[in-house]
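These notes are about the structure you will find just below.
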Amino acid sequence: MHISEGVLSGPVLLAGAALAAAGTGIGLKKLEPEQIPRAAMLAGAFFVASLVHVPLGPTSVHLVLNGLVGLLLGWTAFPAILVGLVLQAVFFQFGGLTTLGVNTLIMALPAVTGYGLFSRFLQGPKAAALAAAFACGFLSVLLGGVVVGLALALSGEHFLNVAFAVVLAHLPVMGIEGVVTALCVGFLRRVQPGLLPGRPPVEVR
Amino acid sequence: MNTATLLFTLTLSLVPLLPPGDASAHRVNLFAWVEGETVHTEAKYPDGTLVKEGLIRVLDRSGRELLQGKTNDRGEFSFPIPLREDLTIVLEAGMGHRADWPLSAAELGGGPAAAAPSPAPASGPAAAAASLSPAELEQALEKALDRKLAPVVKMMAELHAPRARLSDVVGGLGWIVGLAGFAVWLKSRRRGGGPA
Numbered sequence: 001m002h003i004s005e006g007v008l009s010g011p012v013l014l015a016g017a018a019l020a021a022a023g024t025g026i027g028l029k030k031l032e033p034e035q036i037p038r039a040a041m042l043a044g045a046f047f048v049a050s051l052v053h054v055p056l057g058p059t060s061v062h063l064v065l066n067g068l069v070g071l072l073l074g075w076t077a078f079p080a081i082l083v084g085l086v087l088q089a090v091f092f093q094f095g096g097l098t099t100l101g102v103n104t105l106i107m108a109l110p111a112v113t114g115y116g117l118f119s120r121f122l123q124g125p126k127a128a129a130l131a132a133a134f135a136c137g138f139l140s141v142l143l144g145g146v147v148v149g150l151a152l153a154l155s156g157e158h159f160l161n162v163a164f165a166v167v168l169a170h171l172p173v174m175g176i177e178g179v180v181t182a183l184c185v186g187f188l189r190r191v192q193p194g195l196l197p198g199r200p201p202v203e204v205r
Numbered sequence: 001m002n003t004a005t006l007l008f009t010l011t012l013s014l015v016p017l018l019p020p021g022d023a024s025a026h027r028v029n030l031f032a033w034v035e036g037e038t039v040h041t042e043a044k045y046p047d048g049t050l051v052k053e054g055l056i057r058v059l060d061r062s063g064r065e066l067l068q069g070k071t072n073d074r075g076e077f078s079f080p081i082p083l084r085e086d087l088t089i090v091l092e093a094g095m096g097h098r099a100d101w102p103l104s105a106a107e108l109g110g111g112p113a114a115a116a117p118s119p120a121p122a123s124g125p126a127a128a129a130a131s132l133s134p135a136e137l138e139q140a141l142e143k144a145l146d147r148k149l150a151p152v153v154k155m156m157a158e159l160h161a162p163r164a165r166l167s168d169v170v171g172g173l174g175w176i177v178g179l180a181g182f183a184v185w186l187k188s189r190r191r192g193g194g195p196a
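Just so you know, the protein sequences line up as chains A and L, in that order. Residue numbering for the first sequence follows this note's numbering, beginning at 1 and increasing consecutively. Residue numbering for the second sequence follows this note's numbering, beginning at 1 and increasing consecutively.
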């Protein structure tokens, strides 16, 4: 999902950085002190997820987990993902400095969208919650691919071709992300439902 | 908003730590080494997973593609030396994973001196070791050295390629914990010092 350096044009990079900064600002403003441990935990999960390679047919893909981060954090997904990306860039040389803003946008924008669309189902019946979690994980990667295509298109490449290629390449990841997100939500419903949105997080430690 | 600005600044203060110019899309590691008349390549992801069916392309100095192939189940692809000049081996493992590895003419046994190595006579060097001409001796030595050194070269290549280490992961998580602590401290201060 990361766009490498030297691919995008200057204005796109700047716009990406500006939007990511705005999103991060909103996320931090909405961040309640009680939520900070949760945000940190998910930033950590996001940071490590990129190392979890799933061997899949000819290639091997790694998790993104932006759907899960968005579902549990809402707007706070922006700062969490930004921190995760910075650390990935520092420690693993994933992505790069100039593309930090765009990459944050690629992963955090779908995360927030997924939160808006699906978080309301999480406290409902189990089947609906799991389906919503799957859809959120699936769509977050899909939308990420669309943002990648958009960023590349604004830098001069043909949007449909690029977006199609990116989305096609990520189809397996979408399925895996959906399953992982659903598993996590199912687990949290059993052991710590207060972590899920839709209920006041009173007992969160 | 003051908190937000501070946190953002703190995050950005990590930026000088970024390794300059070594930030590729996704990380995938490619090693290539020469053994006799064959070039071996091996492709791995940073966690050590082998790249299966990764596309290997061999380019000459001008970027022209000389040959291509796919890595096998052990992440390896071997091919005979196509040209004794500086080559670039490119690995495309899909999903934006890409790596390249330069092979210099010297490594390939190129250069003016060894431009035309004639194959060893069919009788084999073992038959008459004493009667080897200096050129043949040199060739036999080079072959033996290639064979003996191949594991060492491979090992060095693996050392050279940065892998995600446990210490990096733990360090990153430590940063996150620290940032969270910092954020909690800031928020609690703004609330007038009361416990969060």
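For every residue, glycine included, the Cβ atom is placed at its ideal position computed from N, Cα and C.
Under DSSP, Glu107(L) takes part in no beta bridge, so it has no partner.
Going by DSSP, Ser167(L) is part of the alpha helix (DSSP H) stretching over 166 to 190. In chain A, no part has a C-beta under 7 Å from the C-beta of Ala99(L); the shortest such distance is about 11 Å. Taking 8 Å as the Cβ-Cβ cut-off, the stretch 165 to 179 of chain L approaches chain A at Asp168, Val169, Gly171, Gly172, Leu173, Trp175, Ile176, Val177, Leu179, given in chain order.
Sorting Phe78(A), Leu100(A), Phe92(A) by C-alpha distance to the C-alpha of Pro110(A) places Phe78(A) at the top. In the DSSP assignment, Lys29(A) forms no beta bridge with any residue. Shortest Cα-Cα distance from Leu73(A) to any of Val64(A), Ala21(A), Val102(A), Glu32(A) involves Glu32(A). Counted as a single uninterrupted DSSP element, the alpha helix (DSSP H) harbouring Leu150(A) occupies residues 126 to 154.
With a beta-carbon spacing of about 11 Å, Leu100(A) and Val83(A) fall beyond the 8 Å limit used to define contacts. Looking at Gly75(L), Pro82(L), Ser78(L), the one whose alpha-carbon comes closest to that of Leu108(L) is Pro82(L).
The secondary-structure analysis by DSSP pairs His170(A) with nothing; it has no beta-bridge partner. At a cut-off of 8 Å, the C-beta of Val83(A) has a neighbouring C-beta in chain L.
For Lys154(L), the closest Cβ of chain A is not nearer than 8 Å. In this structure, Gly137(A) sits near Thr181(A), with a CB-CB distance shorter than 8 Å. At a C-beta separation below 8 Å, Leu87(A) has these neighbours in chain L: Leu14, Gly172, Trp175, Ile176.
A straight line joining the alpha-carbon of Gly25(A) with that of Ile56(L) spans about 43 Å. Excluding five sequence positions before and after Glu53(L), the CB atoms of its chain that fall closer than 7 Å to its own CB belong to Lys70, Thr71, given in chain order. Out of Ser62(L), Leu50(L), Thr41(L), the CA that lies nearest to the CA of Pro80(L) is found in Thr41(L). Here Arg98(L) is bridged, per DSSP, to Glu92(L). Shortest Cα-Cα distance from Leu143(A) to any of Ala39(A), Gly70(A), Gly27(A) involves Gly70(A). Counting only runs of 3+ residues, the beta strand (DSSP E) found wholly inside the stretch 46 to 77 of chain L occupies 55 to 59, 65 to 70, in chain order. Residue burial is scored here from C-beta neighbours: Gln35(A) has at least 16 other C-beta atoms within 10 angstroms and is therefore classed as buried. Those residues of the stretch 120 to 154 of chain A placed with their C-beta closer than 8 Å to a C-beta in chain L do not exist. In terms of beta-carbon proximity, Val48(A) lines the interface with chain L, with at least one pair separated by less than 8 Å. For a cut-off of 8 Å, the C-beta gap from Asp168(L) to Phe91(A) is around 4 Å, short enough to register as a contact.
For Leu87(L), the secondary structure class from DSSP, reduced to helix, strand or coil, is strand.
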